[in-house]
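Beneath this line is the structure, given in structure tokens, with notes to follow.
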Amino acid sequence: MDLTLLAQGLVSGVLAAGLYALVSVGLALAIGVIGIINFAHGEFFMIGAFLAYQLSVSLGLDPLISLIFVAPALFIIGAVIYQSTIRYVLEAPELNQMLLTFGLSIVLQNLALVIWGGDPRSISNVPYRSVGYQVGGISIGLVPLGSFVISLALVLALYWVLARTRLGRAMRAVAQNRVGASLVGLEVNRIYLVAFALSALLAGIGGVMIAVIQSPTPTVGFAFTLKAFAIVVLAGLGNIRGILWASLTVAVSESLVATLVPNGDALRNAVFFAIIFLVLVVRARRTA
Amino acid sequence: MRRALPDLLWTLLLAAVVALAPTVLKALFAQASVSYLSLAANAISLAILALSWDLLARTGQLSLAHAAFYGAGAYTAAILAKLGGLPLAFDLPLAGVVGAVLALGLGSVTLRLKGIYFAIATLAFTEVLKAVVQELPTGLAGGAAGLNVPPLFRPHFVPGAMQRWEIAYQRNEAYFYVYGGLLVLTILVSVLAQRTRLKAAFTAVRTNEEVAAVMGVRPARVKLLAFVLSSALVGMLGALEAMRLGSVIPDGTFAVSTTVFALVTPIFGGLYTTLGPILGAGVLSAVEETLRRTFAEGYLIGYGIVLVASILFMPRGLVGLANRLARRRRGTPPAADGEEAG
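Chains as they are written, first to last, in the working numbering: chain G, 18 to 305; chain X, 940 to 1281.
Here it is in structure tokens:
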């Protein structure tokens, strides 16, 4: 086996894991803290991508700078969606939550289709897109590296918030026991609101990065919703820390197959979901 | 069994309506009946999809694999037609068998998974199956480009005796009958599951598997039975759709949207009932068609808003809403958190 190729596959996989983790950690927050099965999560990702595209076209903003506007915008969009819809189905069965969020996903996706059309959109004014480094035969693009570093920093920052801050402690308290948390004086609904808005914000930042890496269409979000769900489930519901490892596992396997197997690029999705399927089935057998 | 009698009579009535509908439509609307029949077939297709999904959901298995069985059925028909040898009509039951066998396999390994874990495992199964079909030898399954499927019916044009549009009418009429027949079959299965002791078994397994086992229900058997029935039905639907639409292609035939519609429609209509998914399919098809005709572009925005509003204002679906209104009229207080009837 070609060792350089193997190393290349590993490195690309690790770099791709960052974005997966960033999007999934937001969903894990929604599921773990609020208990909402949010199938519209990827749409926040998609909105982030297209806002960055629009800011680049209209104002010529660099995607990195547009983050200053996109992140708060997604926070507000998340908060509005929570206030207008999500909070009414917190106690409802899973299936009702699924219908609601599928509905939201259809609305947002088609709004984007009407506004931006169905063609792939790419941001043209990114001078650093083609910058790359060669380290011992392995090529590392600046954009994947940057997206990895930013994603990792944000995921770790979220871990820190959850572990160390008042807000984080409140979120964990609400996640563990809603009634208990409200009895000790926490404003449960406001904490949910912040958690949901934060989850939209994290996905939105991921979207800005995908707008630089690929040329997204309005359907890019749903594919990421499914993958994020798979990663959250792989990590285990409520296990926000496990997201990093789960993302790393699937991203590296995906990348190894794509680089090592001839014609393997077409198999990326299959590998991703085959791992999820096997882990779920095997784990259920072992624990029973 | 005796409790099933009223429902069976209703089903018989529906079968009679299906049998008469094309003739009546043709007499009333002449050429326009061609597109009405096609729209009706779409709505029936959605109803079969939804009702077969609901059948499975009654045992608590929230499957996201409906597209997998639909696609497996469609590809069975496409490949069998390509290999030739069998009359096309035989492909329908065979597609059902393929769906059932796959469901038996998937169902047995996912028995212990619950809720969202089960959902994601079945979703992953769909994606893997799609990739497997795509990677099959191109000579057999056509790879990423898919296959053409011959039509089940080839109407004959008799010059002088009939008009041009009547060719399309004959074709749509024939499909309408087969779709109607499959719907009636699906309803029969659903009614039998609702009006016999199976209902208690399904509900017990959904509510609490451990308690169900103590009561003498075998959860594994019940869950597999529901999975096999549901998948056989949707497998046949897939085969039928492949013949009517004329082609199969991995990305379209195994599309997640099929699964999404299979689950959205029963929730909208009323879960764990026979009437709910059918009613939901009828109303949602009508809503979608009306929106499509009113707003050419972006009509799905309205469709999504209808879904969101429906869950906020009628959390138990159309059937739940109807029950609530009926109770209010009778003046009886609403049931606390009980099962909706149906």
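Think of the CB as a built atom: it goes at the ideal place given N, C-alpha and C, for glycine as much as any other residue.
Residues bridged to residue i [DSSP beta-bridge criterion]
i	result
X/Val1187	X/Leu1086
G/Tyr150	G/Ile157
Short Cβ contact (7 Å threshold) for residue i with residue j
i	j	result
G/Ala45	G/Ile227	no
X/Pro1205	X/Pro1189	no
G/Ala174	G/Ile208	no
X/Glu1066	G/Phe290	yes
X/Leu1052	X/Ala1060	yes
X/Val1258	X/Gly1221	no
X/Val1199	G/Phe119	yes
G/Leu373	G/Val288	Shown here, chain G extends from 18 to 305; a query on residue 373 of chain G therefore has no answer.
G/Ser41	G/Ile292	no
X/Gly1046	X/Phe968	no
G/Pro161	G/Leu32	yes
X/Gly1012	X/Ala1178	yes
G/Ala24	G/Ile167	no
G/Val196	G/Gly185	no
G/Tyr150	G/Ile157	yes
Closest Cα partner of residue i within the set the options
i	options	result
X/Phe1057	G/Arg181, G/Ser139, G/Phe246 and G/Leu32	G/Phe246
G/Leu117	X/Ile1055, X/Gly1243 and X/Glu1074	X/Gly1243
X/Leu1223	X/Ala1028, X/Leu1127 and X/Asn981	X/Asn981
G/Asn286	G/Val296, G/Ala268, G/Arg302 and G/Leu277	G/Ala268
G/Val97	G/Val191, G/Leu84, G/Gly197 and G/Ala217	G/Ala217
X/Ser1196	G/Ser122, G/Gln100, G/Leu112 and G/Phe62	G/Ser122
G/Leu128	G/Arg303, G/Val196 and G/Phe67	G/Phe67
X/Ala960	X/Asn1111, X/Trp1104, X/Val1072 and X/Leu1062	X/Asn1111
X/Ala1283	G/Gly259, G/Asn280 and G/Gly77	The structure shown does not extend to residue 1283 of chain X, since chain X spans only 940 to 1281, so no value can be given for it.
X/Ala1016	X/Gln1102, X/Ala989 and X/Gly1035	X/Gly1035
G/Ile51	G/Gly77, G/Tyr105 and G/Met63	G/Tyr105
X/Lys965	X/Gln1102, X/Thr998 and X/Ile983	X/Gln1102
G/Val211	G/Val191, G/Gly224 and G/Val229	G/Val191
X/Tyr1211	X/Thr962, X/Ala971, X/Ala1248 and X/Ala989	X/Ala989
G/Ala109	X/Arg1268, X/Pro1254, X/Arg1263 and X/Ala1261	X/Pro1254
G/Gly65	G/Gly238, G/Ser270 and G/Lys244	G/Gly238
X/Leu1218	X/Ala958, X/Ile987, X/Arg941 and X/Leu951	X/Ile987
Chain-ordered chain B contacts of residue i [CB-CB under 8 Å]
i	result
G/Tyr105	No chain B is part of this structure, whose protein chains are labelled G and X.
Beta-carbon neighbours of residue i, restricted to chain G and to distances below 8 Å
i	result
X/Glu1236	Val131
X/Val1195	Phe239 and Leu243
X/Val1199	Phe119
X/Leu1067	The sequence given here places Val at residue 1067 of chain X; Leu does not occur at that position. Under the 8 Å cutoff, chain G gives Ala287, Phe290, Ala291 and Phe294.
X/Gly1054	Glu111
Cβ-Cβ separation, residue j to residue i (assumed contact under 8 Å), whole Å
i	j	result
X/Leu1022	X/Leu1033	Contact doesn't hold; Cβ gap of about 12 Å is too wide.
X/Phe1008	X/Val1173	5 Å
X/Ser977	X/Trp992	Between X/Trp992 and X/Ser977 the Cβ distance is about 23 Å, and since that is not below 8 Å, they are no contact.
G/Ala90	G/Pro80	So it is not a contact: roughly 14 Å between Cβ atoms.
X/Leu953	X/Val1130	No, X/Leu953 and X/Val1130 are not in contact; Cβ-Cβ is about 11 Å, not under 8 Å.
X/Val1203	X/Val1226	Going by Cβ atoms, the distance from X/Val1203 to X/Val1226 rounds to 12 Å, so no, they are not a contact pair.
G/Val298	X/Val1048	5 Å
G/Thr236	G/Gln126	7 Å
G/Ile48	G/Glu111	Contact flag wrong, Cβ pair sits at about 11 Å.
X/Thr1192	X/Tyr1014	7 Å
Interface residues of chain X facing residue i [CB-CB closer than 9 Å]
i	result
G/Thr102	Val1247, Ile1250 and Leu1251
G/Ala109	Ile1250 and Pro1254
G/Ala210	Residue 210 of chain G is actually Leu in this sequence, not Ala. By Cβ distance, chain X contributes nothing, its closest Cβ being about 17 Å from G/Leu210, past 9 Å.
Cross-chain neighbours of residue i in chain G, by beta carbon under 9 Å
i	result
X/Ala1034	Those do not exist, as X/Ala1034 stays about 23 Å from chain G at its closest Cβ, beyond 9 Å.
X/Leu1239	Ile123, Val124, Gln126, Asn127 and Leu130
X/Phe1207	Leu116
X/Leu1001	Glu111, Leu112 and Met115
Listed by chain order, chain G residues near residue i by CB distance under 7 Å
i	result
X/Val1048	Val298
X/Val1203	Leu116 and Phe119
X/Tyr1242	Ile123
X/Phe1064	Phe294
X/Leu995	Simply none; closest approach about 12 Å.
Chain X contact residues for residue i, given Cβ-Cβ distances below 7 Å
i	result
G/Val269	The premise fails here: G/Val269 is roughly 18 Å from chain X at the closest Cβ pair, so nothing lies under 7 Å.
G/Leu284	Ala1070
G/Phe246	Ile1059
G/Ala301	Arg1051 and Leu1052
G/Ile54	Ile1055
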